[in-house]
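In full-length UniProt numbering, the protein residues as written are 1 to 286. Note that CB positions come from ideal geometry on N, CA and C, so glycine has one too.
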């Protein structure tokens, strides 16, 4: 028995695997390495799974892309090939907004010219539609001449045409001003809620052109009348209520309204008929 034990000890010492540098070979394999070797021994199964997974991932991604395209609105989608016209229009609109905000020096009381904001608002009020309509009606009731009544009736129709046309265009375009401001009570009465076109500029251009054509005024008064129309349009930009293009289109629309009124100018007899209907005086019909 002792001889057998000594022989086994000698064999254990002579065994190479019992050396310290080879002790790791005698330890059992871990689960991670066993799984890795197991997966390496089964390449066919892994290849089959890899064939099924790309198709499923592709279907899933296509479904998500279709869902995102349905949810995103059209204005959020980027145009990869925009036209030259679209680029030019977007550039002009960006310049218009930037310049309009720079000129809005009286937009708030804390602005650079906020101390004169009340004076600029008073200047802009002279181009409002409600004072002009009521002022024209008041002058019409005080007028005693047929020529004066004819001019005032046509001016009143021109003012109503201007208010309705500008309100319809603003409702159609629905462009907001460069600064977020709530319309005043008079703006709601005149339906001057949105920015494009500028109603004050349109009215000032139409009234100045109308008065220059039908009133005999001295040269200084004619210059002051034109200067008033220009300052009314500028005041709307300075107050931050309109863009520069809004005022420019408002001036053009005012000249158009004047041209339309001149084309359909009402005669003195027609004006007297309208006045009699408005004052409930039916004597011309008997």
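- Counting the other CB atoms within 10 Å of its CB gives residue 134 a total below 16, which places it among the exposed residues.
- A Cβ-Cβ separation of about 20 Å leaves residue 243 out of contact with residue 87 under the 8 Å criterion.
- In this structure residue 119 is exposed. Its beta-carbon is surrounded by fewer than 16 other beta-carbon atoms within 10 angstroms.
- Taking a 10 Å sphere around the C-beta of residue 209, we find 16 or more other C-beta atoms and assign the residue as buried.
- DSSP places residue 233 within a helical segment (H, G or I) once states are collapsed to three.
- Its chain contains 151 as the residues whose beta carbon lies nearer than 7 Å to that of residue 214, once the 5 sequence neighbours on both sides are disregarded; these appear in chain order.
- Counting along the chain, residue 194 sits inside no alpha helix (DSSP H), nor does DSSP assign it H or E at all.
- When only Cα atoms are considered, residue 262 and residue 195 end up about 27 Å apart.
- The continuous alpha helix (DSSP H) containing residue 253 extends over residues 244-263.
- Using a Cβ-Cβ distance cut-off of 8 Å, the segment 188-203 and the segment 234-248 are in contact, since at least three pairs of beta carbons, one from each stretch, lie closer than that value.
- Within the model, the alpha-carbon separation for residue 226 versus residue 142 is close to 26 Å.
- Along the length of the segment 87-153, whole alpha helix (DSSP H) runs at least 4 residues long occupy 117-125, 129-142, reported in chain order.
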